[in-house]
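Asks:
In the UniProt record's numbering, the protein residues as written are 1 to 181.
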């Protein structure tokens, strides 16, 4: 009878260890990597160079200033997203500068986007063109009963022109004189 009670206790202990381990990992999230692709497509300009700065708002990660001198150069920024039961959206705020002016774009990513793009090269590309920043990639279409990915291409942000030099000089002189405007 002692042999059976020892066997029962070992089996019960093993069952509890396995059960506890399975439940402790069930609530944990997993991480997925994806890419944020930005490409210079400033064709036909005398100075096609672009400069941009991106920052992940939720994690606070800054990618620093990047420069792409000629088309079709650009950068691929590797992004780590949290998935699993915590499906949070990561927002990347990017500020672009060129001879055409400035543009600001918020790029939203989730772990689902990353998982669908894992096996494909460049699931979505943000092209910097003379018109502005263009999204070229795939997005979820929720208008049907079963959502599916469809290719989309649209203008995300237009360039805001640089202020004229005469306006900047006038504002600077007003500040020095104590003007309120």
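We put the beta carbon where it would ideally sit given N, CA and C, even for glycine. Values in this document were obtained by computation on a predicted structure and should not be read as measured data.
Could you pull out every residue in the same chain whose Cβ sits closer than 8 Å to the Cβ of residue 104, ignoring the five residues on either side in sequence?
Replies: Within the chain shown, numbered from 1, the residue matching residue 104 stands at position 104. Hits under 8 Å: 93, 94, 95, 96 and 157.
Asks: DSSP has residue 148 in a bridge; who is on the other side?
Replies: Translated into positions along the chain shown, residue 148 becomes position 148. Partner(s): 141.
Asks: Where residue 132 and residue 49 are concerned, what is the direct C-alpha to C-alpha distance, given to the nearest angstrom?
Replies: Within the chain shown, numbered from 1, the residue matching residue 132 stands at position 132. Within the chain shown, numbered from 1, the residue matching residue 49 stands at position 49. Approximately 14 Å between the Cα atoms of the pair.
Asks: Determine which residues share a DSSP beta bridge with residue 67 and list them.
Replies: Position 67 of the chain shown holds residue 67. According to DSSP, which records beta bridges pairwise, residue 67 is partnered with 51.
Asks: Within the same chain, show all residues whose beta-carbon is closer than 7 Å to that of residue 99, passing over the 5 residues directly before and after it, in chain order.
Replies: Position 99 of the chain shown, counted from the start, is the residue given in the question as residue 99. Excluding sequence neighbours, residue 99 sits near 45 and 47.
Asks: According to DSSP, residue 111 sits in a beta bridge with which residue or residues?
Replies: The residue labelled residue 111 in the question sits at position 111 within the chain shown. Beta-bridge pairing links residue 111 to no other residue.
Asks: Name the DSSP beta bridge partners of residue 6, please?
Replies: To locate residue 6, count along the chain shown from 1; it is residue 6. Its beta-bridge partners do not exist; DSSP assigns none.
Asks: Measure the CB-CB distance between residue 90 and residue 56 and report whether it falls below 9 Å.
Replies: Counting from one through the chain shown, the residue named residue 90 turns up at place 90. Counting from one through the chain shown, the residue named residue 56 turns up at place 56. Yes, the Cβ-Cβ distance between residue 90 and residue 56 is below 9 Å.
Asks: Would you tell me roughly how many angstroms separate the C-alpha atoms of residue 71 and residue 43, rounded to the nearest one?
Replies: Counting from 1 along the chain shown, the entry for residue 71 is found at position 71. Counting from 1 along the chain shown, the entry for residue 43 is found at position 43. Approximately 7 Å, taken between the alpha carbons.
Asks: Pop quiz: residue 107 and residue 126 are said to be a contact at Cβ under 8 Å. What is the actual Cβ separation, rounded to whole angstroms?
Replies: Counted from its first residue, the chain shown places residue 107 at position 107. Counted from its first residue, the chain shown places residue 126 at position 126. The Cβ separation is near 7 Å, so the contact holds.
Asks: How long is the line joining the alpha carbons of residue 5 and residue 30, rounded to whole angstroms?
Replies: What you label residue 5 is simply residue 5 of the chain shown in a count that begins at 1. What you label residue 30 is simply residue 30 of the chain shown in a count that begins at 1. When rounded, the distance between both Cα atoms is 40 Å.
Asks: On the criterion of 16 or more Cβ atoms from any shown chain inside 10 Å, does residue 155 qualify as buried, or is it exposed?
Replies: To locate residue 155, count along the chain shown from 1; it is residue 155. With fewer than 16 other Cβ atoms within 10 Å, it is exposed.
Asks: Could you please give me the residues that DSSP links to residue 33 through a beta bridge?
Replies: Translated into positions along the chain shown, residue 33 becomes position 33. Paired residue(s): 80.
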